[in-house]
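Asker: Quick one: this structure, given as structure tokens, is what I'll be asking you about.
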Amino acid sequence: MALSKRGVRVGTNSCHLCSSGVDDTDHLFMGCSFAGDIWKWLCHWCGIPFRSFNNVSSLVEFAANWGHCPKKKRIFLVIVYGFLWCIWKARNEKVFRSTCANAPKVVDNILALVFDWVKHRGKFNNCNWYVWICNPFDIL
Ligand SMILES: [Zn+2]
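Position 74 (the sequence shown) corresponds to 74 in UniProt numbering; numbering is contiguous.
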């Protein structure tokens, strides 16, 4: 949408993941049914009630202030960053490589990516993959 507004020909302004919304940031991460299904699954995995957001800033702000345990809060915020990164990556792979977007595959990518971030960069060296995939906060 941003390129189109600047006069760059982009082919279509439709969302590449669901084809029913516009290809802008708020739709891609917050309004897209493809991303929404993944977000619902992540909420279930984390054991938190599903809630939707109007924009990325409100999602990140929610995650940054979620809960009372600083370690859980940090893990949840990293999960949100992993969600945003993997949705963006799935969108770009569809646009530039014509790959088929697959929600379960994106979920697997988020779990694996965030596990690596948490384990190797987040000072949770002892976290176990099998515990992680059941509930991310059980690694604490
Ligand atoms: Zn969409």
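All residues carry an ideal CB built from backbone N, CA and C; glycine is no exception.
Name the DSSP bridge partner or partners of S57?
Answerer: BP columns for S57 are empty, so no partner.
Asker: Assign S52 to one of three DSSP states: helix, strand, or coil.
Answerer: The answer is coil: DSSP assigns S52 none of H, G, I, E or B.
Asker: If you draw a straight line from the alpha carbon of H44 to that of F50, how long is it in whole angstroms?
Answerer: Computed Cα separation, rounded: 7 Å.
Asker: Applying the criterion that 16 or more other CB atoms from any shown protein chain within 10 Å of the CB defines a buried residue, is A64 buried or exposed?
Answerer: The residue is exposed, with fewer than 16 neighbouring Cβ atoms inside 10 Å.
Asker: Check the C-beta distance from V78 over to L59 and give it rounded, since I have them as a contact under 8 Å.
Answerer: With 8 Å as the limit, V78 and L59 do not qualify as a contact, their Cβ atoms being about 13 Å apart.
Asker: Let me check understanding here. Comparing Cα to Cα, which of N54, P70, W41, V118 lies closest to V106?
Answerer: Nearest option by C-alpha distance: W41.
Asker: By Cβ distance below 8 Å, which residues in the same chain neighbour C100 in space, the five residues on each side in sequence not counted?
Answerer: These residues qualify, in order along the chain: K94.
Asker: Is V118 helix, strand or coil when you go by DSSP?
Answerer: In the structure shown, V118 sits in a helix (DSSP, three-state: H, G or I).
Asker: Would the C-beta of L17 count as close to ligand 1, meaning under 7 Å from any of its heavy atoms?
Answerer: The answer is yes for L17.
Asker: Contact between the segment 82-98 and the segment 10-18 is defined here as three or more beta-carbon pairs at a separation below 8 Å; is this criterion met?
Answerer: The segment 82-98 vs the segment 10-18: in contact.
Asker: For S14, does the three-state DSSP call read helix, strand or coil?
Answerer: Residue state, collapsed to three classes: strand.
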